[in-house]
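Chains as they are written, first to last, in the working numbering: chain E, 86 to 365; chain V, 48 to 232.
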């Protein structure tokens with residue numbers, strides 16, 4: 086049986102936090118460049134120039150792309166034949182987050198309790214961790230730094246089957262138009278369709294981990310992704326101060342649901358759609 | 048875009064009232080950063096009849112919580128945060144004489160009313176351009192509430208800080224003006 090020591094996981098997670106915060110993924114960078122070429126608003130062009138230049142400075146100088154280095158979300162795929170030794174996996178991941186955010190000069194933005202004290206934990210822990218047990222003996226780690234300017238603008242709609250495709254489009258557009266200029270567009274839009282209320286929200290987050298140049302494997306969902314992107318880019322929101330580049334991509338993930346339901350969740354990500362990946 | 052206007056702090060009401068939604072500006076001088084927690088503490092202090100740590104008259108507030116500075120740097124990445132979260136506190140703060148606010152995103156109608164009354168301008172910096180904006184900050188000094196960490200009240204010495212007037216003191220809103228020609232739904 087293959088073994089991994091938790092110390093290795095801590096070290097990798099620390100490095101992944103820094104990578105995600107400093108280096109905008111290439112697909113997102115290229116989508117911004119493409120948006121700059123097609124943007125019709127002169128003010129929108131100026132905003133996109135600043136956003137592109139910013140990501141270049143961040144990459145060249147190892148600086149956070151945005152001061153909101155987010156809440157850390159981790160998607161784990163643990164091979165069922167893998168043995169993790171040397172300590173508690175959750176503790177090891179959080180130790181990695183604390184190390185990465187401290188060493189990397191990232192902002193610590195997590196409060197321990199949400200309503201009464203709101204005391205900062207000072208090391209950005211705990212991370213939100215989703216774990217899936219899969220065949221094999223590998224450990225796959227996907228990490229994102231999720232900023233809250235955009236997170237605050239997400240939403241969920243519990244539609245019914247009769248609402249259909251038109252209902253889904255309207256639900257997504259309503260959430261995006263309500264978000265408007267606030268979530269630091271151009272946005273990357275994660276949509277979760279199906280499951281239960283919580284599962285749809287999870288799928289909408291999971292969708293943001295996929296490359297924005299990659300469409301859903303199911304042709305109907307791929308077509309819906311393209312159609313929604315076209316509609317969002319007609320809202321006028323643009324890159325913050327109006328224009329035609331409101332979103333860079335729409336990524337949909339779907340799952341089985343109940344005969345009575347059609348949940349739709351939207352997670353909005355800002356233009357700094359930051360993530361890092363490892364297979365150990 | 049129209050010609051860039053240079054602003055030196057402090058910002059007088061008469062100068063603030065001349066700015067128009069859509070104007071591109073470069074700000075030089077001292078501005079003060081405060082966000083959610085500092086606004087809560089300050090408005091609570093005012094409610095108790097206490098004095099604030101700084102005189103806000105003719106000053107510019109920047110809604111910001113920076114990343115920690117790397118050794119040798121004055122500040123870390125320092126882009127604007129969502130201004131709307133400060134709306135609940137803003138009319139009270141504007142009564143203290145603030146003439147400019149820098150943030151990102153839309154504002155509540157009661158904030159715009161208070162801006163018109165007090166001759167205040169709301170500027171947007173580009174959301175997420177935090178490493179680029181840091182180049183215009185020369186010094187960062189915590190003035191009060193150090194226990195709030197990145198949310199402390201701080202003075203920033205800035206040189207040619209790039210911003211755009213989004214809501215002027217007459218209530219013209221560039222988010223609305225800028226979106227309208229491209230709204231095709």
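Beta carbons: idealized from backbone N, C-alpha and C, even for Gly.
Let me see if you follow: with CB-CB separation under 8 Å, is residue i close to chain E or not?
i	result
residue 286 of chain V	Because residue 286 of chain V is not part of the residues shown, which for chain V are 48 to 232, the question remains open.
residue 231 of chain V	yes
residue 147 of chain V	no
residue 152 of chain V	yes
residue 169 of chain V	no
residue 117 of chain V	yes
residue 211 of chain V	yes
Determine, using beta carbons only, whether residue i comes closer than 8 Å to chain V.
i	result
residue 296 of chain E	no
residue 320 of chain E	yes
residue 361 of chain E	no
residue 263 of chain E	no
residue 242 of chain E	no
residue 287 of chain E	no
residue 105 of chain E	no
residue 125 of chain E	yes
residue 193 of chain E	yes
residue 326 of chain E	yes
residue 121 of chain E	no
residue 218 of chain E	no
residue 329 of chain E	yes
How big is the Cα-Cα spacing for residue i and residue j?
i	j	result
residue 224 of chain V	residue 150 of chain V	18 Å
residue 311 of chain E	residue 318 of chain E	11 Å
residue 278 of chain E	residue 105 of chain V	50 Å
residue 144 of chain E	residue 74 of chain V	26 Å
residue 93 of chain E	residue 187 of chain E	18 Å
residue 153 of chain V	residue 264 of chain E	10 Å
residue 181 of chain V	residue 244 of chain E	44 Å
residue 79 of chain V	residue 191 of chain E	21 Å
residue 212 of chain V	residue 65 of chain V	11 Å
residue 169 of chain V	residue 141 of chain E	28 Å
residue 132 of chain V	residue 83 of chain V	7 Å
residue 276 of chain E	residue 351 of chain E	5 Å
residue 134 of chain E	residue 195 of chain V	33 Å
residue 156 of chain E	residue 229 of chain E	8 Å
residue 119 of chain E	residue 210 of chain V	24 Å
residue 342 of chain E	residue 355 of chain E	29 Å
residue 297 of chain E	residue 90 of chain E	33 Å
residue 163 of chain E	residue 170 of chain E	13 Å
residue 172 of chain E	residue 158 of chain E	21 Å
residue 176 of chain E	residue 294 of chain E	23 Å
residue 203 of chain V	residue 203 of chain E	26 Å
residue 88 of chain E	residue 359 of chain E	29 Å
residue 246 of chain V	residue 208 of chain V	Coverage of chain V is limited to positions 48 through 232, which leaves residue 246 of chain V absent and any answer about it impossible.
residue 308 of chain E	residue 266 of chain E	26 Å
residue 305 of chain E	residue 292 of chain E	16 Å
Run through DSSP, which three-state label would residue i get?
i	result
residue 150 of chain V	strand
residue 348 of chain E	strand
residue 314 of chain E	helix
residue 154 of chain E	coil
residue 275 of chain V	Residue 275 of chain V falls outside the range modelled here, since chain V spans only 48 to 232, and no answer is possible.
residue 161 of chain E	strand
residue 182 of chain E	helix
residue 326 of chain E	coil
residue 117 of chain V	coil
residue 165 of chain V	helix
residue 271 of chain E	coil
residue 108 of chain V	strand
residue 280 of chain E	strand
residue 175 of chain E	helix
When we look at the beta-carbon of residue i and count the other beta-carbons within 10 Å, is it buried (16 or more) or exposed?
i	result
residue 301 of chain E	buried
residue 70 of chain V	buried
residue 213 of chain E	exposed
residue 140 of chain V	buried
residue 61 of chain E	Residue 61 of chain E lies beyond the range of chain E shown here (86 to 365); nothing can be said about it.
residue 188 of chain V	exposed
residue 364 of chain E	exposed
residue 108 of chain V	buried
residue 287 of chain E	buried
residue 348 of chain E	buried
residue 109 of chain E	buried
residue 335 of chain E	buried
residue 257 of chain E	buried
residue 227 of chain E	buried
residue 345 of chain E	exposed
residue 148 of chain V	buried
Which runs of the alpha helix (DSSP H) spanning at least 4 residues fall entirely within the segment 208-267 of chain E, listed in chain order?
-> 233-236 and 249-264
What are the start and end residues of each continuous alpha helix (DSSP H) run of 4 or more residues lying completely inside the segment 89-144 of chain E, in chain order?
-> 91-107 and 111-123
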